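Take the sequence shown: its letters are residues 0 to 405, numbered as in numbering that gives the first Met the number 0.
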Amino acid sequence: MFELSAARRQSLRADLLSGLTVALALVPEAVAFAFVAGVPPKVGLTAAFFVCLLTAVLGGRPGMISGATGALAVVAVGLVQQHGLSYLLAAVVLMGVLQIGAGLLNLGRFVRLVPHPVMLGFVNGLAIVIALAQLGQFGQGGPGWAAGTLLEGTAVDVAWLPGPALGLMAALVGVTMAVIYLWPRVTKAVPAPLVAIVGVSLAVGALGFDTRRVGDVAAIGGGLPTLALPPVPFTWETLRIIFPTALVMAAVGLIESLLTLTLVDELTQTKGSTRRECLGQGAANVVTGFFGGMGGCAMIGQSMINVTSGGRGRLSGITAALALLAFTLWLAPLIELIPVAALVGVMFVVVIGTFEWSSFRILRRIPKGDAAVLVLVSAITVVTDLAVAVAVGVVASALVFAWEHA
Numbered sequence: 000m001f002e003l004s005a006a007r008r009q010s011l012r013a014d015l016l017s018g019l020t021v022a023l024a025l026v027p028e029a030v031a032f033a034f035v036a037g038v039p040p041k042v043g044l045t046a047a048f049f050v051c052l053l054t055a056v057l058g059g060r061p062g063m064i065s066g067a068t069g070a071l072a073v074v075a076v077g078l079v080q081q082h083g084l085s086y087l088l089a090a091v092v093l094m095g096v097l098q099i100g101a102g103l104l105n106l107g108r109f110v111r112l113v114p115h116p117v118m119l120g121f122v123n124g125l126a127i128v129i130a131l132a133q134l135g136q137f138g139q140g141g142p143g144w145a146a147g148t149l150l151e152g153t154a155v156d157v158a159w160l161p162g163p164a165l166g167l168m169a170a171l172v173g174v175t176m177a178v179i180y181l182w183p184r185v186t187k188a189v190p191a192p193l194v195a196i197v198g199v200s201l202a203v204g205a206l207g208f209d210t211r212r213v214g215d216v217a218a219i220g221g222g223l224p225t226l227a228l229p230p231v232p233f234t235w236e237t238l239r240i241i242f243p244t245a246l247v248m249a250a251v252g253l254i255e256s257l258l259t260l261t262l263v264d265e266l267t268q269t270k271g272s273t274r275r276e277c278l279g280q281g282a283a284n285v286v287t288g289f290f291g292g293m294g295g296c297a298m299i300g301q302s303m304i305n306v307t308s309g310g311r312g313r314l315s316g317i318t319a320a321l322a323l324l325a326f327t328l329w330l331a332p333l334i335e336l337i338p339v340a341a342l343v344g345v346m347f348v349v350v351i352g353t354f355e356w357s358s359f360r361i362l363r364r365i366p367k368g369d370a371a372v373l374v375l376v377s378a379i380t381v382v383t384d385l386a387v388a389v390a391v392g393v394v395a396s397a398l399v400f401a402w403e404h405a
């Protein structure tokens, strides 16, 4: 009576294997996105675990993977630089509350109305911001390596590493990127970013290269996350400080999550629930903030890996989260040995994969108004933030439409 059908067994096996594959890829990205946000690596790993687990259980799209992301990291870094990690944790809790409110009001359905030029500008601007955030890693700023604005952390104000150290850093970044691109030709059974990071780490250790490592920036620690209220004053002043960041993070997180949901819907020929996804993302971020995580949302790349590897059920996300926690608990000392250059290489590959290179080709084919909106949203994303860029883009698209049909 309790025997599983062959199809069900195959589905469970696919979910388990794809979940393990995703977990291996989540570790380096969670650490790298923590670097972008200017917080300790454990904060990124904690967010990846809780957001991945809770959205897998509560979210509106089985098979979709969530965790710490670059889109939220580039929003969070300004608050971290000005007020510290404690205020970010409070902002993450408020972010989750706002997302739950969006779910209760069923606001997620409106994301499907965002024009295509706006979405292209959104992802292109996001890629540029993440790339700019990496340039500070080539400087001598120590732990304060993250980029907070267009100028901070870029060539404008970076005190560059000395020549030999800078050359070594660039070489390690290049090797990491080369391995990520070439390894899939050998096998796709093991994630290329994981192979690149392990290989570069072993090479640096064996050859005795003197380069900055994760442990030089912050210790990860192997203990379980602990539940605690964010250590900030419960005052109107605190709310004034965290609300703008929380609002932007909530909007950006839902936009990226619901776009990913739409992509997975198309791949699987099924339909997810935008309302339930908003509620799941919100609940996940509330819990994450109380456990010391930086917040998260859906990850387009990891979701694609999961679905194409056969992970279509909730078990795949649950497996990925639990495996990630196991890696964090047992492999923390090894993660601290990872060269920062390897993580920068991973992030540059993420940038290249995120940027919609086809937008250059279609700029000449689409109406001039749409092309202007695409460029405008990209520029505003870099100069201000993602949520403002999308809002301006939607208004600009509406004005272009009205002008063309007047």
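Note that CB positions come from ideal geometry on N, CA and C, so glycine has one too. The model shown is predicted, which means the values in this text are computed figures rather than measured ones.
Give the DSSP-derived three-state secondary structure of residue i in the structure shown.
i	result
Pro40	helix
Leu309	The question names Leu, but residue 309 in the sequence shown is Gly. Coil, per DSSP.
Ser410	Past the boundaries of the shown model lies residue 410; the chain is included only from 0 to 405, so the question cannot be answered.
Ala158	coil
Ser272	coil
Ala188	coil
Pro114	coil
Gly62	coil
Ala297	strand
Gly138	strand
Excluding sequence positions up to five away, which residues of its chain have a Cβ less than 6 Å from the Cβ of residue i?
i	result
Glu403	none
Phe354	Asn123, Ala126
Ala191	Ile179, Trp182, Pro183
Ile299	Thr259
Thr244	Leu78, Ala90
Between residue i and the ligand COA, is there a pair consisting of the residue's CB and a ligand heavy atom that are separated by less than 7 Å?
i	result
Thr259	This structure lacks the ligand COA, and indeed carries no ligand of any kind.
If you compare alpha carbons, which of the options is closest to residue i?
i	options	result
Thr318	Leu16, Gln9, Arg8	Leu16
Ile361	Pro224, Leu373, Val178	Leu373
Ala388	Ser377, Ala397, Leu398	Ser377
Arg274	Arg108, Ala33, Ile241	Arg108
Gly95	Ile337, Val35, Phe242, Met346	Phe242
Trp182	Gly198, Leu171, Val339	Gly198
Ser256	Gly294, Pro116, Val348, Arg239	Gly294
Thr327	Leu11, Ser10, Ala13, Ala22	Ala22
Ala195	Gly62, Ala340, Leu253, Asp264	Ala340
Gly43	Leu266, Gly310, Leu323	Leu323
Val91	Val285, Ser200, Ser308, Leu238	Val285
Leu119	Ile254, Phe32, Leu333	Ile254
Gly37	Met168, Gly135, Leu336	Gly135
Thr234	Tyr86, Ala47, Gly66, Gly58	Tyr86
Gly58	Gly271, Ala33, Thr68	Gly271
Ser65	Thr383, Val306, Pro332	Val306
Ala68	Val128, Asn105, Gly102	According to the sequence as given, residue 68 is Thr; it is not Ala. Taking only the C-alpha atoms, the option nearest Thr68 is Val128.
Glu236	Ala297, Arg363, His82, Val345	His82
Leu11	Gly309, Gly352, Ile379	Gly309
Gly204	Leu333, Arg8, Thr225	Leu333
Gly166	Asp209, Thr261, Gly18	Asp209
Leu238	Val393, Arg8, Leu93	Leu93
Gly222	Ala331, Ala386, Phe359	Ala331
Val399	Asp384, Leu19, Pro61, Ile365	Ile365
Ser302	Val216, Thr267, Ala325	Thr267
Using a Cβ-Cβ cutoff of less than 7 Å, which residues in the same chain neighbour residue i once the five nearest sequence positions on both sides are dropped?
i	result
Ser396	Pro114, Pro116, Val117, Val372
Leu88	Pro229, Gly288, Gly291
Gln98	Ala249, Gly252, Leu253, Cys277, Gln280, Gly281, Asn284
Phe49	Ala283, Val286, Thr287, Phe290, Gly292
Phe32	Gly43, Ala67, Thr68, Gly69, Ala72
Gly214	Glu335, Leu336
Arg7	none
Met168	Phe137, Leu160, Thr210, Ala340
Once you ignore the five residues that flank residue i on each side, which residues in its own chain have a CB closer than 8 Å to its CB?
i	result
Met347	It is worth fixing the name first, because residue 347 is Phe in this sequence and not Met. For Phe347, where only same-chain residues beyond five positions count, the Cβ hits under 8 Å are Ala130, Gln133, Val172, Met176.
Cys51	Leu25, Ile64, Ser65, Gly66, Gly295, Gly316, Ala319, Ala320, Leu323
Ala489	Residue coverage of the chain in this structure runs from 0 to 405, which leaves residue 489 outside it and unanswerable.
task = Take every Cβ of the stretch 22-38, pair it with every Cβ of the stretch 274-282, and state whether three or more of those distances are shorter than 8 Å.
result = no
key: Within the stretch 212-239, ranges of the alpha helix (DSSP H) (whole runs, at least 4 residues)   = 213-216
task = Tell me, please, whether the stretch 314-331 touches the stretch 70-79 by the rule of three or more beta-carbon pairs shorter than 8 Å.
result = Flag = no, the stretch 314-331 and the stretch 70-79 do not touch.
ask   = In chain order, which beta strand (DSSP E) runs of at least 3 residues are fully inside the stretch 361-396?
value = Listed in chain order, nothing qualifies, since the stretch 361-396 has no complete beta strand (DSSP E) run of 3 or more residues.
message = With three or more C-beta pairs closer than 8 Å as the rule, is the stretch 234-248 touching the stretch 165-177?
response = They do not touch, by the three-pair rule.
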